[in-house]
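Taking it in order: structure first as structure tokens, then the write-up.
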Ligand SMILES: [Zn+2]
């Protein structure tokens with residue numbers, strides 16, 4: 097599916113972070129302990145003694161993208177440049193967590209833009225994917241946020257983002273469909289308006305070895 101982005105979305109997502117949690121680590125650990133009890137486990141057995149602490153630490157890391165902003169992530173890595181050819185970073189590893197089950201979403205992102213006077217450090221494109229990945233997500237929004245960030249930062253001639261991912265909540269439970277991939281895309285500017293530019297991008301990301 098192709099998603100559209102309003103200027104409001106872009107403005108919001110560049111500043112949206114979650115305020116410091118009013119819940120203490122101890123309370124979070126207690127909640128994990130309760131979960132273990134609910135699962136019929138004995139949270140006091142040796143193997144599980146430190147599990148609440150570990151789970152809280154892991155979840156905080158996996159959602160640490162809430163506490164990052166585009167500004168600090170970029171650290172000034174936007175440059176004025178006359179280039180107007182497509183810039184493509186493909187096969188960016190993407191790790192996220194679905195907001196419905198807090199289970200992993202694993203996949204790849206392919207991100208392209210056509211500059212309009214400004215370019216961004218290439219590694220920053222991967223860092224932007226990482227920042228939005230480290231939040232509770234649905235794949236559609238993740239795709240849109242990556243595109244919206246580049247659109248807002250660079251005002252390029254166009255942005256194209258394709259995310260291909262597999263959702264552990266589908267693979268390990270529910271419909272149990274290992275090997276199913278969900279593909280989402282967001283096409284902005286010339287990628288939305290010009291079929292040839294879009295096709296060029298799609299040809300460039302067409303697989304090769306990204307999935308085995
Ligand atoms: Zn899910």
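Residue numbers (this note's numbering): 97 to 308.
We treat Cβ as the ideally placed atom computed from N, Cα and C, and that holds for glycine.
As the structure is a computational prediction, the values presented were derived from the model and not from experiment.
Proximity annotation: ligand 1 has residues 194, 196, 197, 199, 263 and 265 in chain order, each selected because its CB is closer than 6 angstroms to a heavy atom of the ligand. Between residue 145 and residue 138, the C-beta gap is not smaller than 8 angstroms, which leaves the two residues out of contact. The residue among 172, 165 and 121 with its C-alpha nearest the C-alpha of residue 147 is 121.
Of the residues assessed, residue 220 falls on the buried side of the cut-off, its CB having 16 or more other CB atoms within 10 angstroms. Under the three-state reduction of DSSP output, residue 282 falls in the strand class.
In its own chain, leaving out the 5 sequence neighbours on each side, no residue places its CB closer than 8 angstroms to the CB of residue 292. Residue 203: not part of any alpha helix (DSSP H); member of the beta strand (DSSP E) spanning 200-210, first to last residue. Separation of the CB atoms of residue 258 and residue 222 is rounded to 15 angstroms, and the pair is thereby denied contact status at 8 angstroms. Between residue 199 and residue 264, the C-beta gap is smaller than 8 angstroms, which places the two residues in contact. Under DSSP, residue 214 shares a beta bridge with 176. Residue pairing of residue 192 in beta bridges, as defined by DSSP: 201. The residues 202, 203, 276 and 277, in chain order, have a CB closer than 7 angstroms to that of residue 262 in the same chain once the five nearest residues on each side in sequence are set aside. Taking the Cβ atoms as the reference, residue 192 lies roughly 22 angstroms from residue 217, outside the contact range of under 8 angstroms. DSSP links residue 260 through a beta bridge to 204 and 279. In the three-state scheme derived from DSSP, where H, G and I count as helix and E and B as strand, residue 144 is classed as helix. Following the DSSP letters along the chain, one finds residue 159 in no alpha helix (DSSP H), marked with neither H nor E. Going by beta carbons, residue 210 and residue 169 fall outside the 8 angstroms limit. For residue 151, the three-state secondary structure derived from DSSP is helix.
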